[in-house]
Structure formats: structure tokens, C-alpha cells
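J.:
Protein chains: 2
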Amino acid sequence: MDGKSPKIQDVATVAGVSTATVSRALSNPDLVSEKTRELVLDAVKRTGYRVNRAAKNLRKRQSDAILALLPDLGNPFFSQILSGIESVFTTSDLSLLVSDTKGIREDNLLDYFMDMRADGMIILDGAIPRDVLTQMQNSAFGNRIIFACEWKPEFEFPSVRSDNFGGAVQAVEHLHSLGHRKIGHISGPRNNVLTKERLRGVESAMEQLDLTINRDFFIDGGAFSLDAGAQAARSFMEMTERPTAITCGSDLIAMGFISEISRRGLKVPDDISVIGFDDIEIAGSFIPSLTTIRQNRTQIGVLAASYLLDQLANRLPPQTTPVQQVDVKLIPRQSTAPL
Amino acid sequence: MDGKSPKIQDVATVAGVSTATVSRALSNPDLVSEKTRELVLDAVKRTGYRVNRAAKNLRKRQSDAILALLPDLGNPFFSQILSGIESVFTTSDLSLLVSDTKGIREDNLLDYFMDMRADGMIILDGAIPRDVLTQMQNSAFGNRIIFACEWKPEFEFPSVRSDNFGGAVQAVEHLHSLGHRKIGHISGPRNNVLTKERLRGVESAMEQLDLTINRDFFIDGGAFSLDAGAQAARSFMEMTERPTAITCGSDLIAMGFISEISRRGLKVPDDISVIGFDDIEIAGSFIPSLTTIRQNRTQIGVLAASYLLDQLANRLPPQTTPVQQVDVKLIPRQSTAPL
DNA sequence: TGATCGTTTGTAATCGATTACAGAAAACGA
DNA sequence: TCGTTTTCTGTAATCGATTACAAACGATCA
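Put into C-alpha cells, the structure is as follows:
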């Protein structure tokens with residue numbers, strides 16, 4: 001009350017108890033008697049006391065912060081996941097740190113833990129070098145990591161992800177139900193897990209439906225970007241025989257593709273049906289509006305954050321490294337039409 | 001070296017000096033002799049020492065973190081600014097905290113400082129309640145805040161922003177040079193500074209060029225969103241007389257607008273030229289690709305972060321509350337055409 | 001030579017919480 | 001009533017750095 005911000009000692013004095021009791025009353029209320037607790041709480045209110053986090057963190061060897069690691073902060077795809085993550089953390093007064101994986105090299109990921117800058121990590125990038133992850137897994141911090149969206153198949157970290165396989169299946173089934181039989185696919189970055197899952201889904205669904213898989217109709221886009229789609233469109237134009245419908249590894253690919261073939265005189269969905277993946281915000285307003293597989297990105301963020309919180313609070317059975325799959329949903333719009 | 005992570009005392013022992021000397025050698029090298037410095041640096045290397053941030057921060061009353069406050073984490077527009085901010089901070093080992101302004105009420109913004117969770121703030125939201133800002137300005141932390149993109153005209157906080165006025169002027173001049181004389185505008189959220197600046201720019205340019213300002217051609221979009229654009233399109237369709245070209249408060253508005261009028265049979269740019277503002281990633285691949293005013297969002301982030309860093313390090317004259325304007329640039333594409 | 005000054009170093013206090021340990025008080029059982 | 005256990009509280013050590021203060025040292029100069 002005298003200018004400086006009050007410390008625990010001030011509260012103790014006002015309440016007429018020791019600092020230990022104040023500390024306990026605040027962070028472990030069961031340990032003090034009802035009467036003392038009220039005394040302390042009242043003193044806290046009167047003094048306007050707030051715990052000093054640096055002091056608390058120093059003593060408890062923690063940081064009250066979680067790091068979200070994105071492959072590219074500039075990529076809008078991730079912002080919605082971040083939003084989900086943040087919504088969980090604000091309610092439990094943890095801070096959300098964000099960083100680009102571009103800045104990550106060698107061992108400085110582990111440093112976040114060593115430096116006590118973060119208590120846990122949510123990794124949104126499946127392309128973290130293997131040895132970095134090995135190092136993390138072998139450290140004491142291995143259980144403070146969760147993957148979201150992407151993941152590393154060869155590691156045992158828990159993860160939250162969309163049902164990528166199922167989404168691709170739905171896409172193919174949708175096209176099939178519209179009468180399409182010659183179906184192609186434009187895939188994303190080569191070694192990406194999402195690329196693989198979605199491709200696998202397309203192939204599996206086509207087999208299920210007894211469709212002939214024509215390898216020429218499968219284009220390696222090499223990225224999830226608009227450019228990749230435009231590039232794929234150029235290959236597409238050169239085909240002698242063309243598919244009547246095409247599934248894409250991402251909405252951006254689909255839009256880049258549509259954009260480029262439109263420029264070259266083809267019409268969507270008249271000449272070819274196109275379906276995306278993600279349902280990014282713009283998908284509904286693209287022209288033509290894009291049929292796509294909606295990923296619930298906010299939910300992915302929420303689930304990942306909640307899991308990590310439980311894990312850090314030791315509220316989970318230690319052995320589990322679960323994979324949580326989030327359902328996806330086909331959103332039919334105007335980029336697909338009956339054959 | 002013996003399992004636990006080494007502390008400053010260990011380094012001191014190895015180097016044969018006191019902890020004070022080690023501390024000085026690391027954070028204030030000029031204070032120790034050449035010889036000792038080498039001794040210490042060598043010992044640091046041998047022990048693998050890293051300073052404990054919690055301890056350092058407790059003692060120095062700081063947090064080594066900066067908070068970025070976004071109006072909506074789920075909005076992709078901001079991710080690129082974040083990227084710029086982050087690129088600056090990683091090089092100076094500050095952490096980047098992010099938070100949604102939705103979670104902000106009453107006084108808990110100041111709490112970030114009181115709790116020593118952040119040393120500074122970059123605010124990307126012009127809609128922070130006035131009394132919250134007044135409180136901040138009057139506190140000891142008033143000089144640790146900078147606005148980016150948006151700002152509060154009635155406060156004296158430093159800010160980094162695009163040349164919104166100039167951008168709008170360029171847009172009108174572009175349309176004028178294409179022969180358009182009947183020019184309209186769809187504006188963004190009502191009380192937003194960007195909305196006002198851009199509107200002002202449009203009006204000013206039209207006056208300069210001796211164009212008649214027809215109030216009926218100015219539509220209040222009410223937001224920067226796709227929906228706002230679509231909504232505006234409906235008003236547009238009902239006009240008896242229509243402008244031949246329209247400037248929009250944002251790319252999303254422009255796209256929503258184009259999307260909706262296309263659905264109703266109008267063609268862009270044949271029937272009407274449309275120009276956006278922002279140059280978001282998708283703008284170039286929209287159909288038709290969108291003529292727009294490019295904001296250098298990364299640079300805004302970089303400038304804001306750098307300024308804040310300098311300010312915190314006391315490297316700036318104390319009195320300055322500068323406004324840094326970042327140039328914008330017209331990107332001509334296919335949504336605008338000669339009359 | 002001794003006074004004076006600047007440079008370099010060490011000692012120990014400090015930042016503000018948490019918590020191990022021990023002691024006091026209350027509750028309980030016989 | 002007297003142990004014994006349980007509940008509650010206080011003392012003081014601890015987390016690991018920074019830095020005020022003082023001392024030691026060497027250089028400089030009259």
C-alpha cells in the first residue's frame with residue numbers, strides 16, 4: 001500500500017500470520033484452517049497483493065509458459081489453431097509463447113526447457129529434424145511435448161490431428177456419387193505426413209469403389225501452396241487424357257489450380273470438378289466457391305492445449321501417448337458438380 | 001558437469017574467480033580484464049553453463065518477454081505481422097507472447113506488467129477500451145507500449161502503420177487513369193481508424209481529380225470481412241445508378257463483393273472495376289486476380305519490434321512518440337480494367 | 001616516497017516466493 | 001487423564017542470478 005507493490009511478507013504482516021501460511025493459503029488452501037484462509041484472503045484483497053511470478057518460477061523451476069512451434073508464422077493456416085490453444089491457456093493463466101521453426105537448429109529447441117522459458121511445447125510442424133526430437137525424447141522433458149496437426153510417425157509423442165485419411169475418402173466418395181469415375185489428385189509436400197495420409201485415403205477409397213487408379217492423374221504438387229496448384233495446372237493442361245474430377249491436398253492447391261486452368265480457358269465445375277482440403281476462410285468466397293473437407297482447427301488447438309495441461313499437472317496416466325483424431329466434414333459447394 | 005545443470009557458482013569455481021566476476025564477464029564484459037574474461041568464457045564452455053532466466057529476471061525485475069496483442073488470433077491478417085515481430089525478437093533472445101484482446105477486460109492488461117510477464121507490448125488492435133489505455137499511460141509502463149497497424153488517435157503512444165491515406169489515394173488515381181469517373185467505396189468497421197483514413201484518402205483524391213463525389217456510391221460495409229463485401233454487393237445491386245469502379249476497405253471486402261455480384265450475373269472487371277486493400281496472400285490467385293494496395297506487413301512487425309527494443313534498452317530520446325509510416329504500393333492485376 | 005586515481009575483483013545482500021522440517025495445537029482413543 | 005495421531009503454523013533454507021560496497025592493485029605524478 002505504500003507505493004511499491006506488496007510482497008508476501010506484507011500480506012503476512014497484515015493477516016498476522018507467517019509468509020509460509022500465506023503461500024499455503026493461496027496455492028494449497030486445504031493445508032490451512034478455514035479461519036486463517038479467510039484472514040489471508042482478506043489481507044490479500046486489502047493489500048492488492050499479486051504473486052511475483054519470477055520468484056515463484058525460480059523456486060518451482062518452471063516458467064508458466066507454453067511454446068507453440070509453427071513451421072511458418074506468416075502462414076494463415078495456423079492462426080486458427082493458435083486461437084484454440086490460446087483460449088485454453090488464458091483460463092489457466094499460462095502464457096503462450098510462439099516461435100517459428102525456421103529459427104530452430106541443432107539443439108536450441110531443448111534450450112527452451114533448459115532455460116526454463118517454457119514448461120511444455122505444442123509442435124505444429126512435422127519437419128523438425130529427427131535428431132532434435134531424439135534428443136528431446138531422451139531428455140527429462142520428453143513428456144512435455146505434443147504434436148498438433150502434423151506429427152512424426154517414427155516417434156511416440158502424443159498428437160492431435162484431423163482424420164486426414166477419412167477426409168480424403170469422403171472427398172472421393174463425394175465425387176463418385178456425382179458420377180465421376182476418372183479421378184485425380186494433386187498432392188502436397190513430398191515427405192509430409194498429411195500428404196501421405198490424404199493420398200492413401202484417396203487411393204483406398206478408389207479401390208473400395210472399384211475405380212481404376214490412373215497414375216498419370218496423380219500429380220506431385222510438392223507443396224500446399226497456391227503456386228503448387230498453379231504448377232500442377234500446367235502439367236494438367238498437357239495431359240492427353242484428363243480426369244473429370246480432382247482432389248487436392250489443400251485448399252490453396254485447389255485455388256491455385258482453378259485459378260490457372262481458368263486462365264487457360266477451362267471452367268470449374270463445368271469442365272472439371274475440384275475439391276480442396278482444409279476449408280480455410282476464403283474457400284466459401286472463392287469463385288467458384290470451393291467444395292472442401294473442413295478441418296476443425298480450433299478444436300485441434302483446444303485439444304492439444306488441454307492435453308498438455310493435464311499432462312503437466314500429472315493428471316494423466318503416465319504411459320499413454322495417445323493419438324486424438326478430430327473428425328472432418330465435407331462441405332459441398334460449387335466447385336464440384338455432377339458429371 | 002555432475003548431472004545437474006551448472007550454476008554460476010560452478011563456473012566461478014572452475015574459472016577460479018568469484019560469481020560476481022562471472023556475472024560481469026558475461027553481461028558486462030568491459031568491466032573485467034581481458035585475461036579474466038577469457039578464463040570465464042572458457043569455464044562457461046567447459047561447464048556448459050547457461051544463465052537461469054528466472055533468477056536473472058527476479059533480480060532484474062524483468063521478464064525477457066514481449067506481448068503481442070491481437071484483436072483476433074484466428075484472423076490470418078495478423079500472422080504476417082507476427083512473423084516480422086518474431087524475426088526481430090529471436091535475434092535478441094526475447095520471447096514473444098501472444099494474446100487475444102478478447103480475453104482483455106478492465107485492468108488485466110496492466111497486470112502483464114505488474115506480474116512481470118512482459119517487458120513491453122505491441123498492440124495490433126485499435127479497439128482497446130479507452131480507460132484501459134489511460135490507466136496504462138498513467139502507469140510507470142506507459143513507455144513500453146507501441147501500436148502497430150491500428151492506433152488510438154487520442155493517445156500519444158508511438159505507432160507503426162501503413163500509409164493508409166496514401167494507399168487510398170493511389171487506388172483512386174489508378175482508377176482515374178483507367179478512365180473511371182464514377183467511383184465508389186465500401187468502407188470497413190465504423191469506428192476504425194483505418195476505415196477513416198482510407199475513406200479520407202478516397203475523398204481527398206477524388207477532390208484533387210475534380211471527380212464528383214456521389215454519396216450513394218459510398219457503402220458502409222461495417223467490417224473488413226468477406227461477409228461485409230457480400231452484404232455491400234446486395235446494396236450495390238439495388239442501386240439505380242451504379243459506379244463503374246469501386247475501392248474497398250480491404251481485400252476481403254473486395255472478394256466478398258466480387259463473389260456476390262458474380263453470383264448475380266455481373267462481371268469483374270468488364271462491368272465494374274474493383275480494387276482492394278492489403279494484398280493478402282490469396283489476392284493474386286483470386287479470380288479475377290485482385291488489384292490492390294499492398295501493405296508491407298512484415299516490415300510493420302519488424303519496425304514495431306525494433307522500436308520497442310530500442311525503447312526498452314533506453315537507446316531512444318525519451319520524449320519521442322513517433323509515428324512511423326510504412327509505404328504502400330499499388331499492385332495492378334485483373335480486377336481493374338479501362339472503362 | 002607517498003598521495004591519488006582508476007581498474008579490477010571479491011564479499012555478501014538482495015530479488016520474492018516455496019517448502020522441508022520441526023514444533024504447537026487440536027482431536028482422538030482407551 | 002495421558003499418550004498418540006492429525007492438523008495447523010512458523011522458522012529458516014533455498015531457488016540462482018545481479019550488484020552495492022569495499023578492498024586490493026597498479027599506475028601516475030609531484
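Listed in order, the protein sequences are those of chains Y and V.
Numbering of the first sequence is given in the UniProt record's numbering, commencing with residue 1 and proceeding in unit increments.
Numbering of the second sequence is given in the UniProt record's numbering, commencing with residue 1 and proceeding in unit increments.
Built from N, CA and C at the ideal position, the CB exists for glycine as well.
1) Given a cut-off of 8 Å, decide if residue 202 of chain Y and residue 168 of chain Y are closer than it, judged by their beta-carbon atoms.
2) Buried or exposed for residue 156 of chain V, going by 16 or more other Cβ atoms inside 10 Å?
3) Quick one: residues in its chain with C-beta nearer than 7 Å to the C-beta of residue 227 of chain Y, no 5 flanking neighbours on either side, listed in chain order?
4) For residue 1 of chain Y, which residues in the same chain have their Cβ closer than 7 Å to its Cβ, ignoring the five residues on either side in sequence?
5) Bridge partners for residue 340 of chain V per DSSP, in chain order?
6) Applying the criterion that 16 or more other CB atoms from any shown protein chain within 10 Å of the CB defines a buried residue, is residue 239 of chain V buried or exposed?
7) Restricting to Cα atoms, I'd like to know which of Y:311, Y:296, Y:314, Y:315 is closest to residue 163 of chain Y.
8) Counting Cβ pairs closer than 8 Å, one from the stretch 116 to 132 of chain V and one from the stretch 66 to 74 of chain V, do we hit at least three?
9) Leaving aside the five residues before and after residue 10 of chain Y along the sequence, list all residues of the same chain whose C-beta is less than 6 Å from its C-beta, in chain order.
10) Would you mind listing the beta strand (DSSP E) stretches within the stretch 277 to 333 of chain V that are 3+ residues and don't spill past its ends, in chain order?
11) Under 8 Å, Cβ to Cβ, is there at least one residue of chain Y near residue 291 of chain V?
12) Do you know whose CA, among Y:98, Y:335, Y:329, lies nearest residue 287 of chain Y's CA?
13) By the 9 Å beta-carbon criterion, what residues does the stretch 260 to 271 of chain V contribute toward chain Y?
14) Which of the three DSSP states, helix, strand or coil, is assigned to residue 111 of chain V?
15) Would you say residue 282 of chain V lies against chain Y (beta-carbon separation less than 8 Å)?
16) Chain V beta carbons: is any one of them nearer than 8 Å to that of residue 326 of chain Y?
17) Can you name the start and end residues of the beta strand (DSSP E) that residue 98 of chain Y belongs to?
18) Any beta-carbon of chain Y closer than 8 Å to the one on residue 98 of chain V?
19) Kindly list the residues whose CB is nearer than 6 Å to the CB of residue 143 of chain Y, restricted to its own chain and excluding five residues on each side of it in sequence; keep chain order.
20) For residue 253 of chain Y versus residue 232 of chain Y, is the C-beta spacing smaller than 8 Å?
21) For residue 90 of chain V, list the residues DSSP reports as bridge partners.
22) Would you identify the three-state DSSP class for residue 72 of chain V, choosing helix, strand or coil?
23) For residue 80 of chain Y, decide whether its Cβ has a neighbour in chain V, counting only Cβ atoms nearer than 8 Å.
24) What in chain Y is Cβ-close to residue 115 of chain V, meaning under 7 Å?
25) Taking the alpha-carbon of residue 198 of chain V as reference, which of V:278, V:331, V:113 has the nearest alpha-carbon?
26) Given residue 324 of chain Y, which residues of its chain have a CB within under 6 Å of its CB, disregarding the five upstream and five downstream residues?
27) Can you grab the Cα-Cα spacing for the pair residue 94 of chain Y / residue 66 of chain Y, in whole Å?
28) Could you pull the start and end residues of the alpha helix (DSSP H) that residue 205 of chain Y belongs to?
29) Per the DSSP calculation, residue 245 of chain Y is bridged to which residue(s)?
30) Using three-state DSSP, classify residue 64 of chain Y as helix, strand or coil.
31) Can you tell me which residues form a DSSP beta bridge with residue 219 of chain Y?
32) Quick one, which of Y:251, Y:119, Y:225, Y:270 has its alpha-carbon nearest residue 243 of chain Y's?
33) How would you label residue 33 of chain V, buried or exposed, when you count the other beta carbons within 10 angstroms and need 16 or more for buried?
34) Is the CB-CB distance between residue 76 of chain V and residue 281 of chain Y below 8 Å?
35) Counting only C-beta atoms, is residue 73 of chain Y closer than 8 Å to chain V at any point?
36) Can you list, in chain order, the residues of its chain with a C-beta nearer than 7 Å to that of residue 181 of chain V? Leave out the 5 residues immediately preceding and following it.
T.: On the basis of the data shown:
1) To locate residue 168 of chain Y, count along the first sequence from 1; it is residue 168. To locate residue 202 of chain Y, count along the first sequence from 1; it is residue 202. Yes.
2) Here the question's residue 156 of chain V lines up with position 156 in the second sequence. Result: exposed.
3) In the first sequence, the residue the question calls residue 227 of chain Y occupies position 227. Excluding positions up to five away in sequence, the list reads 256.
4) Numbered from 1 along the first sequence, position 1 holds the residue referred to as residue 1 of chain Y. Per-residue confidence for residue 1 of chain Y stands at a pLDDT of 37, beneath the threshold of 50, marking its modelled position as unreliable; no derived number is given.
5) Only positions 1 to 339 of chain V appear in the structure, and residue 340 of chain V is not among them; the question remains open.
6) Looking up residue 239 of chain V in the second sequence gives position 239. Per the 10 Å Cβ criterion, exposed.
7) Along the first sequence, read from residue 1 onward, the residue named residue 163 of chain Y stands at position 163. Nearest of Y:311, Y:296, Y:314, Y:315 to residue 163 of chain Y, Cα basis: Y:296.
8) yes
9) Your numbering for residue 10 of chain Y matches position 10 in the first sequence. Counting only Cβ-Cβ distances below 6 Å, and skipping sequence neighbours, we find 47.
10) 292 to 294, 323 to 326, 329 to 331
11) If you number the second sequence from 1, residue 291 of chain V lands on position 291. Not one chain Y Cβ lies under 8 Å of residue 291 of chain V.
12) The count along the first sequence starts at 1 and reaches residue 287 of chain Y at position 287. With distances taken between Cα atoms, residue 287 of chain Y lies closest to Y:335.
13) 260, 262, 263
14) Looking up residue 111 of chain V in the second sequence gives position 111. It is helical.
15) Sequence index remark: in the second sequence, residue 282 of chain V carries index 282 (1-based). Residue 282 of chain V counts as touching chain Y.
16) Along the first sequence, one-based indexing puts residue 326 of chain Y at 326. It does not; no Cβ of chain V falls within 8 Å.
17) The residue given as residue 98 of chain Y occupies position 98 in the first sequence. Unbroken beta strand (DSSP E) run through residue 98 of chain Y: 95 to 100.
18) Position 98 of the second sequence, counted from the first residue, corresponds to residue 98 of chain V. Residue 98 of chain V counts as touching chain Y.
19) Mapped onto the first sequence, residue 143 of chain Y falls at position 143. Correct list: empty, nothing qualifies.
20) Locating residue 253 of chain Y in the first sequence gives position 253, where the first residue counts as 1. Locating residue 232 of chain Y in the first sequence gives position 232, where the first residue counts as 1. Cβ distance < 8 Å, so residue 253 of chain Y and residue 232 of chain Y count as in contact.
21) Here residue 90 of chain V corresponds to residue number 90 of the second sequence, with the count starting at 1. Its beta-bridge partners do not exist; DSSP assigns none.
22) The residue labelled residue 72 of chain V in the question sits at position 72 within the second sequence. Coil at residue 72 of chain V, not helix or strand.
23) One-based indexing of the first sequence puts residue 80 of chain Y at position 80. Output row for residue 80 of chain Y: interface = yes.
24) The residue given as residue 115 of chain V occupies position 115 in the second sequence. Near residue 115 of chain V (Cβ distances below 7 Å), the residues of chain Y are 50, 53.
25) The residue labelled residue 198 of chain V in the question sits at position 198 within the second sequence. For the residues V:278, V:331, V:113, the minimum Cα distance to residue 198 of chain V belongs to V:278.
26) As a position in the first sequence, residue 324 of chain Y is number 324, starting the count at 1. Once the five neighbours on either side are set aside, the close Cβ partners of residue 324 of chain Y are 160, 303.
27) Along the first sequence, read from residue 1 onward, the residue named residue 94 of chain Y stands at position 94. Along the first sequence, read from residue 1 onward, the residue named residue 66 of chain Y stands at position 66. Their Cα atoms are separated by approximately 7 Å.
28) Here residue 205 of chain Y refers to the residue found at position 205 when the first sequence is read from its first residue. Looking at the DSSP string, the run of the alpha helix (DSSP H) that includes residue 205 of chain Y is 193 to 208.
29) The count along the first sequence starts at 1 and reaches residue 245 of chain Y at position 245. Answer is Y:183, Y:273, bridged to residue 245 of chain Y.
30) Locating residue 64 of chain Y in the first sequence gives position 64, counting from the first residue. Correct three-state label for residue 64 of chain Y: coil.
31) Taking the first residue of the first sequence as position 1, residue 219 of chain Y is located at position 219. Answer by DSSP bridge pairing, in chain order: Y:186.
32) Counting from one through the first sequence, the residue named residue 243 of chain Y turns up at place 243. Taking only the C-alpha atoms, the option nearest residue 243 of chain Y is Y:270.
33) Within the second sequence, the letter at position 33 stands for residue 33 of chain V. Exposed, because fewer than 16 other Cβ atoms sit within 10 Å of the Cβ of residue 33 of chain V.
34) Position 76 of the second sequence, counted from the start, is the residue given in the question as residue 76 of chain V. Position 281 of the first sequence, counted from the start, is the residue given in the question as residue 281 of chain Y. Closer than 8 Å, so yes.
35) Here residue 73 of chain Y is taken as the residue at index 73 of the first sequence, counted from 1. Answer yes: the Cβ-Cβ gap between residue 73 of chain Y and chain V drops below 8 Å somewhere.
36) In the second sequence, the residue the question calls residue 181 of chain V occupies position 181. So the list reads 211, once near-sequence residues are dropped.
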